[in-house]
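S.K.:
Protein chains: 2
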Amino acid sequence: MMERLTQEPTLEDIRQSHEAITDLIHRTPVMTCASIDRIAGAKLFFKCENFQKVGAFKMRGAANAAVRLSASEREAGLATHSSGNHAQAVARAAQVLGCPAYIVMPENAPMIKKKATEGYGAEVILCTPTQAARESTLAEVVARTGATFIHPYDNYDVIAGQATAALELHEAVPDLTAIISPVGGGGLMSGTALTTHYLRPGVQIFGSEPQAVDDAWRSFHSGHIENNPTANTIADGLKTTLGEKTFPIIKRHLEEIYTVSEPQIVAAMRLVWERMKIIIEPSCAVPLAAVLANPDVFAGQRVGIILTGGNVDLDHLPFAG
Amino acid sequence: MMERLTQEPTLEDIRQSHEAITDLIHRTPVMTCASIDRIAGAKLFFKCENFQKVGAFKMRGAANAAVRLSASEREAGLATHSSGNHAQAVARAAQVLGCPAYIVMPENAPMIKKKATEGYGAEVILCTPTQAARESTLAEVVARTGATFIHPYDNYDVIAGQATAALELHEAVPDLTAIISPVGGGGLMSGTALTTHYLRPGVQIFGSEPQAVDDAWRSFHSGHIENNPTANTIADGLKTTLGEKTFPIIKRHLEEIYTVSEPQIVAAMRLVWERMKIIIEPSCAVPLAAVLANPDVFAGQRVGIILTGGNVDLDHLPFAG
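Taken in sequence, the protein lines are chains A and B. Taking this note's numbering, the leading residue of the first sequence gets 1, the next gets one more, and so forth. Taking this note's numbering, the leading residue of the second sequence gets 1001, the next gets one more, and so forth.
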């Protein structure tokens, strides 16, 4: 039986994780788009995690954390706090493995998120919308149920799971010259960096985030984890700050983190919808926005872009008007 | 050199057409969706022509008509009247083959359609928005330029081109038990019917259209081509009536044509956006709406659904509110 990872995943850890979760995830397609390539002046390869189970890459990390639990741990269940894609990913992983899931969500989370999570059979526990309330409510749930807390990003099993997206991308496109992910808490970014560093050491690794929550850019340049005074961005998956496990990996392996404005995010999102005919969520448009905003860096390159998710509220889109 | 088809395409004609247009089209993917399968109680295989060049299957027919012209005909160019996907398909085919294109469009067509067509290098000629004005303006253009008129559907080259979508679908999924397309002018429907009849004679062939423009359903049951008194549907690609070349094929090979309401169309469109994370236009949602509305017919079947196109105006979506 596999055990939980207690240090930075090796390439072998990432490969074993990929095998272990193969029945719980989709091997998502890599798409290209000639007209966006012309605009970017580069050859872009989009790894379509918007087509992943639960509509986001988060399924990889949650699945990898779940499959590594012992039989008795599984029986007690999984727990997390999230109002986003990680909530649904943990709920779905638990459902597939036949164990309970407990999801702490702020009471102002959209009803659609609560319903979707419950749709996967999870118990949703609402709390006051503060970080302190989230953590204390989660602690109560864990104490009551004995469930295992699966952190959304600062967890080596989760990092190794997210790292499998880049593994599939590099296997599908063996001659990338650069790769770029968005940075929220850094789970996907650190996983992408590790896989790329091990497998394709010549490939440049970039991060991207909204200017409005540029904590990762500031952390990368100051050398310690910075916070966001506000969280006023459409890219709601990227508001979180880096973790103690994700930041060192990011600091070590990235070339740079690029920040983009809100209009640049919406324009990149619209470009993908219109030209590629696929649905991506705002957070997911951030790396393309960064590529388009930095032609001096990316022009002429073969760039892997991880499209992270496709969960949008169709009743509240940023295009109309 | 291939010549223009002057009678109903044979399987050999369809195969030759497919070879002839291979450089002008994408071989589009076939997608499946476990959660929509559960709702439908059937196994659905979506042929994603929303990912086709110009965002719609129309590229196949326009390309096949264009490649069959002689060198002197190509030099004089292509002409058509359309404000929809056929306009862009003809413009794009002409652009790739390096010849002029003249597109007659009603003056009330959305500016975005005019710009997109001009973006492919075509000359757009505006006319009064009546069928008579369209035809007389087109006649003037043809007289002035010597261009060849490519009818949007009532043309055997166009029918053979559209038939190549089903060819690829049956090759990808050799054990379908049913196939369904939308019916507008009948180019795609008749092509789908011919390919399926030749290649998989046991497969049931169905059509689908909006109740609001149920001319094909009425024609199928009355035995002669019927008109639509109104054209008040969101499925703007399906307002046209059948043609003299398409109707006999449809009459001969279809099991039935199902009609669906406007709310059923929007619900099916939304389901595809939310569950499959791909963008389809309203006309494109009609066959899925028909499958969902008729479980007595489709439950337990392996159904091929041709997703026809993904060109929507993101500023005017039918979901909000």
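Ideal Cβ positions, reconstructed from N, Cα and C, are used throughout, including at glycine.
With DSSP as the reference, identify every bridge partner of A:Phe149, one or two as the case may be.
M.R.: A:Ala79
S.K.: Could you tell me which chain A residues have their CB closer than 8 Å to the CB of B:Glu1274, listed as they occur along the chain?
M.R.: Leu314
S.K.: Please classify B:His1018 as buried or exposed, where buried requires at least 16 other C-beta atoms within 10 Å of its C-beta.
M.R.: buried
S.K.: Answer with buried or exposed for B:Lys1115, where buried requires no fewer than 16 other C-beta atoms within 10 angstroms of its C-beta.
M.R.: exposed
S.K.: Flag B:Gly1310 as yes if its beta-carbon sits less than 7 Å from any beta-carbon of chain A, otherwise no.
M.R.: yes
S.K.: What does the Cβ neighbour count give for B:Asn1064, buried or exposed, with the cut at 16 atoms within 10 Å?
M.R.: buried
S.K.: Between A:Ala160 and the rest of its own chain, which residues show a CB-CB distance below 7 Å, the 5 nearest in sequence each way excluded?
M.R.: Leu5, Pro9, Asp13, Ile14, Ser17, Asn64 and Gly191
S.K.: Do we get a CB-CB distance below 7 Å when we pair A:Phe319 with the residues of chain B?
M.R.: Closer than 7 Å to some Cβ of chain B, the Cβ of A:Phe319 qualifies, so yes.
S.K.: Which of the three DSSP states, helix, strand or coil, is assigned to B:Met1002?
M.R.: coil
S.K.: Under the three-state reduction of DSSP, which class applies to B:Lys1115: helix, strand or coil?
M.R.: helix
S.K.: Contact criterion: CB-CB distance below 7 Å. Does B:Asn1155 meet it with respect to chain A?
M.R.: no
S.K.: Can you tell me whether A:Arg60 is buried or exposed? The criterion is at least 16 other CB atoms within 10 Å of its CB, across all chains shown.
M.R.: Under a 10 Å Cβ-count criterion, A:Arg60 is classified as buried, with 16 or more other Cβ atoms of the shown protein chains found around its own Cβ.
S.K.: Between the C-alpha atoms of A:Val203 and B:Lys1053, what's the straight-line distance to the nearest angstrom?
M.R.: The alpha-carbon atoms of A:Val203 and B:Lys1053 are separated by roughly 31 Å.
S.K.: For B:Gly1310 versus B:Glu1281, is the C-beta distance shorter than 7 Å?
M.R.: If you check the CB distance, B:Gly1310 and B:Glu1281 come in under 7 Å.
S.K.: Run the CB neighbour count on A:Thr148, radius 10 Å, all protein chains shown included, and call it buried at 16 or more, exposed below.
M.R.: buried
S.K.: Just checking: is the beta-carbon of B:Ile1278 within a distance shorter than 7 Å of some beta-carbon in chain A?
M.R.: yes
S.K.: Measure the alpha-carbon distance for A:Pro106 versus B:Val1030 and round it to whole angstroms.
M.R.: 39 Å
S.K.: Looking at the structure shown, is A:Ser208 part of a helix, part of a strand, or coil, going by DSSP?
M.R.: In the structure shown, A:Ser208 falls within a strand segment according to DSSP collapsed to helix, strand and coil.
S.K.: Flag this pair as yes or no: are the beta carbons of B:Leu1188 and B:Val1096 separated by less than 7 Å?
M.R.: no
S.K.: Please return the same chain residues whose Cβ sits closer than 7 Å to the Cβ of B:Asn1371, not counting the five positions on each side in sequence.
M.R.: Residue numbering for chain B in the displayed model covers 1001 to 1321; residue 1371 of chain B lies beyond these limits and cannot be assessed.
S.K.: Tell me which same chain residues have a C-beta within less than 8 Å of the C-beta of A:Val141, skipping the five on either side of it?
M.R.: Ala79, Tyr102, Val104, Ile125 and Ala147
S.K.: Looking at the strands, I want to know which residues DSSP matches up with B:Glu1019.
M.R.: Note: B:Glu1019 sits in no beta bridge, so no partner.
S.K.: Assign B:Arg1144 to one of two classes, buried (16 or more other C-beta atoms within 10 Å of its C-beta) or exposed (fewer than that).
M.R.: Residue environment analysis places B:Arg1144 among the exposed positions, since fewer than 16 neighbouring C-beta atoms fall within 10 angstroms of its C-beta.
S.K.: Going by CA-CA distance only, name the one from B:Lys1277, B:Val1291, B:Ala1193 and B:His1026 that's closest to A:Cys48.
M.R.: B:Lys1277
S.K.: Assuming A:Ala290 contacts A:Tyr258 (C-beta within less than 8 Å), just tell me the rounded distance between them.
M.R.: Contact flag correct, Cβ pair sits at about 4 Å.
S.K.: If you draw a straight line from the alpha carbon of B:Thr1164 to that of B:Glu1118, how long is it in whole angstroms?
M.R.: 27 Å
S.K.: Can you list, in chain order, the stretches of the alpha helix (DSSP H) that have 4 or more residues and sit fully within the stretch 119 to 168 of chain A?
M.R.: Listed in chain order, they are 131 to 145.
S.K.: Output, in sequence order along the chain, the residues in the stretch 1282 to 1299 of chain B whose CB is closer than 9 Å to any CB in chain A.
M.R.: none
S.K.: So, does the CB of A:Asn227 fall closer than 7 Å to a CB anywhere in chain B?
M.R.: no
S.K.: So what does DSSP say about A:Phe46, is it helix, strand or coil?
M.R.: strand
S.K.: In the stretch 1054 to 1079 of chain B, which residues sit with their C-beta less than 7 Å from some C-beta in chain A, listed in chain order?
M.R.: Gly1055
S.K.: B:Asn1050 touches chain A at which residues, Cβ-Cβ below 8 Å?
M.R.: Lys277
S.K.: Name the DSSP bridge partner or partners of B:Pro1304?
M.R.: Note on residue identity: the sequence assigns Gly, not Pro, to residue 1304 of chain B. Bridge partners of B:Gly1304: B:Phe1045 and B:Ile1179.
S.K.: Please decide whether A:Ala165 counts as near chain B, where near means a Cβ-Cβ distance under 7 Å.
M.R.: no
S.K.: Drop a sphere of 10 angstroms on the beta-carbon of B:Ser1035, count the other beta-carbons inside from all chains shown, and report buried for 16 or more, exposed for fewer.
M.R.: exposed
S.K.: Terminal residues of the continuous alpha helix (DSSP H) containing A:Ile249?
M.R.: Thr246 to His253
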